[in-house]
Structure formats: structure tokens, C-alpha cells
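Read the structure below first, then the notes.
Numbering (the numbering used here), first residue to last: 3 to 596.
Right under this line is the structure:
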């Protein structure tokens, strides 16, 4: 799929990067720009910046940056053409006819999405006439409004879905790729989901990408989920994040639960900052996805042994990604679904308020596992288990407070716990998703000033009039300014985005982004710009002077009577006078500066 530059610019110009990013990341106003914790690596101090004026984003921690297309590509794992297609579709911008079916992979992706969309409608229609399925949902206090909000459906027994899809002309191979059917042992295919209440799983754009199904009545397995497909990865999705992400961002914490009903019932009761991990143990990727919206989480798994084990596993993952973690334990035998239907919203909110910190939870768990937690051996075991959690607390004051609390619970001297902590190996820092181990090399102050000026609409035209390509020969920003001169030749507006596109070197792109977003560090005026140009001109003349001297030495070695030496000496003297004149002008300019 190929799009021309005019269409790409149309899509880019129609989209506010702040509005786009704020759909994924909690942004806060920071001067004229916006800041946030970076969604692409773990950090505790915000280093992620979004500029509405420049229409770019940049993380000064891991180095990743770009425009609206780059952002959506990274967040949604899309190709560049797919990012253009999605953003255009979201904005209601008609796609050029010549590009709609030009790439087989993209066409197939759309075909698979269509199959899943038809499947969701099929399940929804079948639920309408299935009395026992509707009665089951009603008994769990699922209303028609909630059925509609979550697109809940019913998969009949037999091969009805396969027949429906093939009758509409879809290939069996594509239906199989969607995870909707399976191949039988004796050949042929059958529906994967049969006699099940169906829960469509959506991507963040609201498109159906997979399903989960609960058996109606008795049967094994109780819950069945779509396999991984070209559109769906269990380890990278959370249910139903498309519906709950805004509330998570608004409340700045998420409640993580186990199952579909544990999400749907709270949502119905007004608790809408909740997600589940889609029939699999919580994964690092799911934690990273959740971290785009908040770094605070309350785990509310079932209060059985499996739920306790899941809580302990999730705590480790959340702490590794810099989350603050609390644990909510409901009365024995009650998950969020049952508790809310019995006790209601306010009772659940009160339980949330009294949720315990993860350290209190793990301490209680480890103490309960000991035959005698207060025996020397019991204390030793508990401390050895709790230490890995304790050392992950980044704040030293908070860490010291927990040392005191743990020592009190175990009837131990605090110094013994501190001694054991010092024996622990130092924590390795997480490797960022993007490896920028080599810092971005900066230009000279004069180069940086002129680059910032060229990226500021107010100063670009007057600055360009004073520039010559030769000024940047051999300098850090040579290729960047070559790009600026090329844009001028093409009569293309010089913007951060256009300049990034013109430059192929990634380190040069990083420098462009950095200067664009650090413009406040470079106060601009006519005198400052003129002085920067003069500084580069002096440097160029000094380089030329050194080159001439080297040529003179070479000539003297070969032929001391050479007329060439006289010519070079004249050039050097002319250049010396130029340098002296420039120095005088620079001195005069500096005296005029405030």
C-alpha cells in the first residue's frame, strides 16, 4: 500500500498529536508543551515530551521520537502504511482509490478483521433467540444495555458459523487464521466455539480481533479463548481496555481481575477502571500496555490458592515496571463479580480504599506459610522471601518505614533486616525497549542555535538568508543543513517533520527532535543569530587557513622556487585579513549585546 506525500501531509495536518497521544498516555501541560511518563520504557521521572506546535513527540530518556505516524506505529505495532490507513480512517479522511488494494498483506488483514466483525454480529444475533443463554446472563445481573456495550453473544453448537462465513465467500484458510474453526482429526473443519456465551475482544480502535467463550451449562473447558492469530496476541492485550482506558487514566489507577465477568459486572456497577488478562497469567507486555495509562494498580484476583499465586506473580511484574501496587482481598469465596452483585458499588469502593500495600500482603502470605513464623528458622525464611520485594521500593524513606513495620511484625531488630538487605545484589536496571547506548552527539553552540532558529517559523526566513552550505562542511550538523538547503530547493516548508523525513541518519533525526523541543534553551534574536553565523564563518576560515598552510609546506618540500607557493601565500594573507575583520565585527556585535 503506497500513499503519495500530499495525502500523507493531509492526514498528518488533520490530526493533533496531543489529542492522539493523550488517548494512550496521561499528559500534563509543561510550559508550551506536554509531558508524561514514557510509554516505551520504564521510568519514574517524566522525560516524554509532546509538542503541539512542532507536531512531534520525543522521549529524552530512551530517545524514541517522531510524528503521529511513528507514535501510532509503536503503540499499535503497525507498519507505516497501516498507520496512515488507521489514522485516515479514524479522521474520516477518504483513502485514495489507487491505494486501497495495492498491498496483499494489508488487504488480508482487512479481510480477517471483516471475518471477525461478521462473527461478532453472528454471535450477537444468535443470543437474541437463545432463551437459556439470556436467562443465564439475567441471573448474573447482565442487562441488555451491558450486553450491547460488550457485544456479548452466543455461539451455537455445530458448524453454523463456518457455514455462515463460507456462504459469504470467505476462504476456510482465512477463517482458520482467525481462530474461529479447527481442523478435525479425520479432515474437515468445525466451529471452535460451540454452545458458549461469547465475549468479543477488541483492539484499542474498537475492532474485534478475538473472542473468549464460557460454556453454557456443564463442559470442559469452562472458558475457551482464541489462539494467537495474525491480529491477536494474548500476551499483549487486556480486556476490555478499549472501554476502560479513559477511566483508568482519569482515576490514575487500574483494578486488575481474572475473568470476563469480573470486568463486566464492575463496569455495570459503575467501576470502570478495570481490566483482565484474557485467560493467561499476566505478562510483562500486558503490564507495559497498562503502564501507558497509569502506574498505579490494585490487584483483585480470586481469594483462592490460584488467585493468591497469580497475585504474587503479578506483583513481581508490576514492581519491575515501576508500578505502585496494592492488593484487594475480598471475603473467601467471593470474586468481584459475586461481591458486587451481593454488596453493591459503595461496599466495593470501601474495600478498594482499605486495600493493603503489596508488602503487607506478601508478608502475611510468607508468615502464613511457616509452621512457626516466630521461630528463628521461621523468621529467617520470611525475611529471605520478603527481601526481594523490599529492595524494589525506590524511595528510601518509604523503604525504611517498611523495614520498621516488618521488624515489628516479626519481633526482630531492624538492623538485622538492614544487614541482610546490604547482602542483596544490586538491582540491574531494565534495558530500554530502544537501545540508545551511544548518546546523541551535539553540535557546537553556534550550530545548535542556527538549527533551532531554522525550526522556528519566526526566525527561519531571516536566518536562511545568512547561511551558506560551506559554513557547515566538516561539522556535526553538515548533513542536517544539507537537508535544509535541499528542502529550500524543493520549495518545501522547513518544519521539524519535513526535515526528519529528509534525513536518513537516525542520530541526526534525534538531534533535530532534541533541538526542536529544547528551543527555550536557546533564546533567539537577530544579534544572536548573526553572531552564530559569524562564529561558523570564522571557524570555516580558520579551517581554510590551516589547509593553505599544509599546502604551502607540501610545496616547499617539493620545490622551494615554485610560483605555486607565492599564490598560496597571497591567498593565506587575504584570508588572514578576512579573519581579522570578522573578529573586529564579532567584538563590535558583542559590545552591542545586552
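A virtual CB, placed ideally from N, CA and C, is assigned to each residue, including glycine.
- Within the same chain, and ignoring the five residues on either side of residue 444 in sequence, the residues whose Cβ sits closer than 8 Å to its Cβ are 450, 478, 513.
- The Cβ atoms of residue 361 and residue 267 lie no closer than 8 Å to each other.
- The C-alpha of residue 72 is placed about 37 Å away from the C-alpha of residue 194.
- In the DSSP assignment, residue 359 forms a beta bridge with 328.
- Annotation for residue 233: no beta strand (DSSP E) segment contains it, and DSSP assigns it neither H nor E.
- With a beta-carbon spacing of about 18 Å, residue 169 and residue 126 fall beyond the 8 Å limit used to define contacts.
- For residue 81, no alpha helix (DSSP H) encloses it, and the DSSP letter there is neither H nor E.
- When DSSP states are grouped into helix, strand and coil, residue 92 belongs to the helix group.
- The alpha-carbon separation between residue 225 and residue 128 amounts to approximately 19 Å.
- The secondary-structure analysis by DSSP pairs residue 61 across a beta bridge with 50.
- Taking residue 214 as reference, the option from 188, 182, 189, 221 with the minimal CA-CA separation is 182.
- Counting along the chain, the unbroken beta strand (DSSP E) around residue 216 starts and ends at 210-217.
- The three-state reading of DSSP puts residue 32 in strand, counting E and B together.
- Listed in chain order, the non-local C-beta contacts of residue 138 below 8 Å within the same chain comprise 199, 218, local neighbours out to five positions each way being set aside.
- Here residue 395 carries a coil assignment [DSSP, helix/strand/coil].
- As computed with DSSP, residue 193 is found in a beta bridge with 183.
- DSSP, read as helix, strand or coil, puts residue 202 in strand.
- Rounded to whole angstroms, the separation of the alpha carbons of residue 12 and residue 156 is 42 Å.
- The criterion of a C-beta distance shorter than 8 Å is satisfied by residue 56 and residue 519.
- The shortest C-alpha to C-alpha distance from residue 324 to any of 24, 393, 120 is the one to 393.
- Under the three-state reduction of DSSP output, residue 68 falls in the strand class.
- Distance from the CA atom of residue 145 to the CA atom of residue 60, rounded to whole angstroms, is 44 Å.
- Shown here, residue 291 sits in a helix according to DSSP, grouped into three states.
- Residue 227 has 214 as its beta-bridge partners, per DSSP.
- In terms of Cα proximity to residue 80, the closest of 318, 8, 233, 43 is 233.
- Residue 531 sits away from residue 446, with the two beta carbons spaced by 8 Å or more.
- In this structure residue 421 is exposed. Its beta-carbon is surrounded by fewer than 16 other beta-carbon atoms within 10 angstroms.
- No Cβ-Cβ contact shorter than 8 Å links residue 400 with residue 409.
- In this chain, residue 301 is not harboured by any alpha helix (DSSP H); it is covered by the beta strand (DSSP E) spanning 298-301.
- Look at residue 17 here: in three-state DSSP terms it is coil, with no helix or strand label.
- In the three-state DSSP reduction, residue 409 falls in the helix class (H, G or I).
- Assignment of beta strand (DSSP E) within the stretch 466-525, counting only whole runs of 3 or more residues, yields no such run.
- For residue 349, the secondary structure class from DSSP, reduced to helix, strand or coil, is helix.
- 8 Å or more divides the Cβ of residue 457 from the Cβ of residue 522.
- Cα atoms of residue 62 and residue 49: separation of roughly 5 Å, rounded to the nearest angstrom.
- The three-state reading of DSSP puts residue 257 in strand, counting E and B together.
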